[in-house]
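Number of protein chains: 2
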Amino acid sequence: MTESTIRLTGPLDPRTGWTAANCPIGRTLDLVGTRSALLLLREAFYGTTRFADFAERVGISEPVAAARLRELVDHGLIEREPYQEPGQRTRMQYRLTQQGAELFPALVALMQWGDRWLGPAGVELRHRDCGELVGAELRCTGGHHPAVEDLDLVARDRRTQAAHA
Amino acid sequence: MTESTIRLTGPLDPRTGWTAANCPIGRTLDLVGTRSALLLLREAFYGTTRFADFAERVGISEPVAAARLRELVDHGLIEREPYQEPGQRTRMQYRLTQQGAELFPALVALMQWGDRWLGPAGVELRHRDCGELVGAELRCTGGHHPAVEDLDLVARDRRTQAAHA
DNA sequence: GGTGTGACTATGGCCAGCCTAAGTCAGCAG
DNA sequence: CTGCTGACTTAGGCTGGCCATAGTCACACC
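Chains L and C, in that order, are what the protein sequence lines are.
Throughout the first sequence, residue numbering follows my numbering, covering 274 to 438 in sequence.
Throughout the second sequence, residue numbering follows my numbering, covering 274 to 438 in sequence.
And the structure:
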């Protein structure tokens, strides 16, 4: 059987002796690790912009929606801006920033998994141009689509990190 | 600017009138929506198999690790099985099932986002064959890599659902 | 100037998830 | 048969996320 584990390389290899303390998954979850945060983002992708709509469509209370939206705004995933329809008074709308929009693959991956393993939902994502189903997949910058077993976890050295920064 | 929203199609179009009650994201989060669950899965991908190692490397207490691992086993993401090293007594190991392994793109997407927006971590994922960086990306079965704006959310009709089941 | 609406805030309470500290239990090692 | 180790469980307590209910405040409309 396949092992479904990543290969640890170089200084990471004896797993003993290092911790994933600064793990980017953990840090991401610190911002969007609640059910309500991720579902609010889902709604934003669905095009929802107004406060009461978010609360209702996500199925959370308004106090929670307010708190969570504020966090998402504070962390830069969503922006809150006034807008005005003609003849209407000024209102607030919430829209995804570039930073928020880039979380989409994560949501799609969760959606895809739920659909596959917990039974299909009533909706699906399709590519407008070709009509085919859309999911999230692993891809390297070389253009391949590797399996989990084909991945190495490698330590970034200081120089590489500096060059990237 | 780009809108970063999906286009709702057909009966979904007036967003008013339907709810994402059965949303696969929500259902997935019911199983793995806690920080500890996702970090335990991360550790499993890193190759951790033993109880105490999970607790220590994730940075959670043993009672929580026990509860969360049991949930993951009950839901079929991880399997718990006895194993024996020569001259040692029987112990338990935890390993990813196919179902658990398929959550990997979601974890990679979260990792990638944290790395990009919260500062680079000390490790990175690379494709063993070509050495390039690996991330999670949208891809349709037609082989394209669409942007968020190029996606349609479409309602599955009964026939299609039946045919897929 | 009263009414309605949108976007919140305030209060109080419940429960899940987390912690520490300590206990259990089985099996191999001495 | 005592001790140790691995895999847990039990007990007690804290905090954060959630809820419902109710209140606030600004503004357009009538």
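Positions of the beta carbon are idealized from the N, C-alpha and C atoms, including for glycine.
Original post:
How should Q385 of chain L be labelled, buried or exposed, when 16 other C-beta atoms within 10 angstroms of its C-beta is the threshold for buried?
Top reply: Translated into positions along the first sequence, residue 385 of chain L becomes position 112. Under this definition Q385 of chain L is a buried residue.
Subject >> Other residues of its chain near V381 of chain C: CB distance less than 8 angstroms, five sequence neighbours each side excluded >> reply: Sequence index remark: in the second sequence, residue 381 of chain C carries index 108 (1-based). Around V381 of chain C: L398, V407, G408, A409.
Original post:
Cβ of L313 of chain L within 8 angstroms of Cβ of L342 of chain L?
Top reply: Walking along the first sequence from the start, residue 313 of chain L turns up at place 40. Walking along the first sequence from the start, residue 342 of chain L turns up at place 69. It is a contact, given that the beta carbons lie within the stated cut-off.
Subject >> E397 of chain C - DSSP class collapsed to helix/strand/coil >> reply: Translated into the one-based positions of the second sequence, residue 397 of chain C becomes position 124. Secondary structure at E397 of chain C: strand, using DSSP grouped into helix, strand and coil.
Original post:
Can you find a C-beta in chain C that's less than 8 angstroms from the C-beta of S277 of chain L?
Top reply: What you label residue 277 of chain L is simply residue 4 of the first sequence in a count that begins at 1. In terms of beta-carbon proximity, S277 of chain L lines the interface with chain C, with at least one pair separated by less than 8 angstroms.
Original post:
If we ignore side chains and look at the alpha-carbon of each, how far apart do R383 of chain C and G360 of chain L end up?
Top reply: For the purposes of this step, residue 383 of chain C is taken as the residue at position 110 of the second sequence. For the purposes of this step, residue 360 of chain L is taken as the residue at position 87 of the first sequence. Arg is not the amino acid found at residue 383 of chain C; the sequence shown has Leu there. Answer to the nearest angstrom: the Cα atoms are 42 angstroms apart.
Original post:
Hey, L426 of chain C and Y319 of chain L are a contact pair by Cβ (cut 8 angstroms); roughly how many whole angstroms apart?
Top reply: Here residue 426 of chain C refers to the residue found at position 153 of the second sequence. Here residue 319 of chain L refers to the residue found at position 46 of the first sequence. The Cβ separation is near 7 angstroms, so the contact holds.
Subject >> Any non-hydrogen atom of the ligand FMN within 7 angstroms of N295 of chain C CB >> reply: For the structure depicted, the ligand FMN is absent and the ligand set is empty, with no information on it obtainable.
**OP:** Using a Cβ-Cβ cut-off of 8 angstroms, state whether D423 of chain C counts as contacting chain L.
**Re:** Indexing the second sequence from 1 puts residue 423 of chain C at position 150. At least one chain L Cβ lies under 8 angstroms of D423 of chain C.
Subject >> Test: Q372 of chain L CB closer than 8 angstroms to a CB of chain C >> reply: As a first step, residue 372 of chain L must be located in the first sequence, where it is residue number 99. Interface residue, yes.
**OP:** Rounded to whole angstroms, what's the CA-CA distance from H348 of chain C to L304 of chain C? Just pull it up for me.
**Re:** Your numbering for residue 348 of chain C matches position 75 in the second sequence. Your numbering for residue 304 of chain C matches position 31 in the second sequence. Spanning the two alpha carbons is a distance of roughly 7 angstroms.
**OP:** Just the C-alpha distance for T411 of chain L and A420 of chain L, rounded to the nearest angstrom, thanks.
**Re:** Residue mapping note: residue 411 of chain L aligns to position 138 of the first sequence, counting from 1. Residue mapping note: residue 420 of chain L aligns to position 147 of the first sequence, counting from 1. A small fix is needed here, since residue 411 of chain L is Leu in this sequence, not Thr. When rounded, the distance between both Cα atoms is 8 angstroms.
**OP:** Measure from the alpha carbon of D388 of chain L to the alpha carbon of each residue in C:A428, C:L285, C:I298, C:G283, then state which is nearest.
**Re:** The count along the first sequence starts at 1 and reaches residue 388 of chain L at position 115. For the residues C:A428, C:L285, C:I298, C:G283, the minimum Cα distance to D388 of chain L belongs to C:I298.
**OP:** Kindly indicate if chain L contains any beta-carbon less than 8 angstroms away from that of I298 of chain C.
**Re:** The residue given as residue 298 of chain C occupies position 25 in the second sequence. For I298 of chain C, the answer is yes, since a Cβ of chain L falls inside 8 angstroms of its Cβ.
Original post:
Does M365 of chain C come within less than 8 angstroms of chain L when only Cβ atoms are used?
Top reply: Position 92 of the second sequence, counted from the first residue, corresponds to residue 365 of chain C. Interface residue (Cβ-Cβ distance to chain L less than 8 angstroms): M365 of chain C is not classified as such.
Subject >> H437 of chain L burial status per 10 Å Cβ neighbour count (16 or more: buried) >> reply: Start at 1 with the first residue of the first sequence, and residue 437 of chain L comes out as number 164. Unreliable positioning characterises H437 of chain L in this predicted model, as indicated by a pLDDT of 48, which lies under 50. The coordinate reading is nonetheless provided below. Classified as exposed, H437 of chain L has fewer than 16 neighbouring CB atoms from the shown chains inside 10 Å of its CB.
**OP:** Run down chain C in chain order and give the residues with a C-beta less than 9 angstroms from the C-beta of L224 of chain L.
**Re:** In this structure chain L extends from 274 to 438, so residue 224 of chain L is not present and cannot be described.
Original post:
CB D402 of chain C to CB D402 of chain L, shorter than 8 angstroms?
Top reply: The residue you call residue 402 of chain C lines up with position 129 of the second sequence. The residue you call residue 402 of chain L lines up with position 129 of the first sequence. No.
**OP:** Sort C:G392, C:V346, C:R362 by Cα distance to Q371 of chain C and report the nearest one.
**Re:** Residue 371 of chain C sits at position 98 when you count from the first residue of the second sequence. Measuring from the Cα of Q371 of chain C, the nearest candidate turns out to be C:V346.
Original post:
Can you tell me whether DSSP reads I279 of chain L as helix, strand or coil?
Top reply: Numbered from 1 along the first sequence, position 6 holds the residue referred to as residue 279 of chain L. Coil, per DSSP.
Original post:
In terms of alpha-carbon separation, which member of C:G404, C:T414, C:E405 lies closest to G404 of chain L?
Top reply: Position 131 of the first sequence holds residue 404 of chain L. The shortest C-alpha separation from G404 of chain L is found at C:T414.
**OP:** Taking only beta-carbon positions, decide if F324 of chain L is within less than 8 angstroms of chain C.
**Re:** As a first step, residue 324 of chain L must be located in the first sequence, where it is residue number 51. Taking Cβ atoms only, chain C never reaches closer than 8 angstroms to F324 of chain L, which makes this a no.
Subject >> Distance, P284 of chain C Cα to A435 of chain C Cα >> reply: By one-based count along the second sequence, residue 435 of chain C stands at place 162. By one-based count along the second sequence, residue 284 of chain C stands at place 11. Residue placement at A435 of chain C cannot be trusted, given a pLDDT of 49 that sits under 50; what the coordinates show is reported in the next sentence. For A435 of chain C and P284 of chain C, the distance between alpha carbons rounds to 19 angstroms.
Original post:
When the Cα of R280 of chain C is compared with those of L:A428, L:V396, L:G290, L:L391, which residue comes out closest?
Top reply: By 1-based counting over the second sequence, the position of residue 280 of chain C is 7. The candidate whose alpha carbon is nearest that of R280 of chain C is L:V396.
Original post:
Interface residues of chain C around A293 of chain L at Cβ under 9 angstroms?
Top reply: Reading the first sequence from its first residue, position 20 is the one you call residue 293 of chain L. Chain C residues near A293 of chain L: L312, R315, E316, Y319, R330, V331, G332, A394, G395, V396.
Original post:
When the distance is taken between beta carbons, is A328 of chain C closer than 8 angstroms to D373 of chain C?
Top reply: Position 100 of the second sequence holds residue 373 of chain C. Position 55 of the second sequence holds residue 328 of chain C. Rather than Asp, the amino acid found at residue 373 of chain C in this sequence is Gly. Against a cut-off of 8 angstroms, the Cβ pair of A328 of chain C and G373 of chain C comes out as no contact.
Original post:
Tell me the DSSP bridge mates of T363 of chain C?
Top reply: Locating residue 363 of chain C in the second sequence gives position 90, counting from the first residue. Partner(s): C:Q357.
Original post:
Relative to the alpha-carbon of R315 of chain C, which residue among L:C296, L:H417, L:Q366 has its alpha-carbon at the smallest distance?
Top reply: The residue given as residue 315 of chain C occupies position 42 in the second sequence. Out of L:C296, L:H417, L:Q366, L:C296 has the C-alpha closest to the C-alpha of R315 of chain C.
**OP:** Please report how far the alpha carbon of H417 of chain L lies from the alpha carbon of R364 of chain L, in whole angstroms.
**Re:** Along the first sequence, read from residue 1 onward, the residue named residue 417 of chain L stands at position 144. Along the first sequence, read from residue 1 onward, the residue named residue 364 of chain L stands at position 91. Whole-angstrom Cα-Cα distance: 46 angstroms.
Subject >> Given T322 of chain L as reference, the closest of L:A294, L:R300, L:E352 once Cα atoms are compared >> reply: Numbered from its first residue, the first sequence carries residue 322 of chain L at position 49. Comparing Cα-Cα distances from T322 of chain L to each of L:A294, L:R300, L:E352, the minimum goes to L:E352.
**OP:** Mind checking who A407 of chain L pairs with in its DSSP beta bridge?
**Re:** As a working note, residue 407 of chain L is residue 134 in the first sequence. It should be pointed out that residue 407 of chain L corresponds to Val in this sequence rather than to Ala. C:C413.
Original post:
Where A325 of chain L and R300 of chain C are concerned, what is the direct C-alpha to C-alpha distance, given to the nearest angstrom?
Top reply: To locate residue 325 of chain L, count along the first sequence from 1; it is residue 52. To locate residue 300 of chain C, count along the second sequence from 1; it is residue 27. Answer to the nearest angstrom: the Cα atoms are 23 angstroms apart.
Original post:
The beta strand (DSSP E) with A466 of chain C in it runs from where to where?
Top reply: In this structure chain C extends from 274 to 438, so residue 466 of chain C is not present and cannot be described.
Subject >> Candidates C:S277, C:A394, C:P393, C:T292: closest to I333 of chain L by CA position >> reply: Mapped onto the first sequence, residue 333 of chain L falls at position 60. Among C:S277, C:A394, C:P393, C:T292, the Cα nearest to that of I333 of chain L belongs to C:T292.
Original post:
P393 of chain L and R429 of chain C: beta carbons closer than 8 angstroms?
Top reply: Along the first sequence, one-based indexing puts residue 393 of chain L at 120. Along the second sequence, one-based indexing puts residue 429 of chain C at 156. Yes, they are a contact pair.
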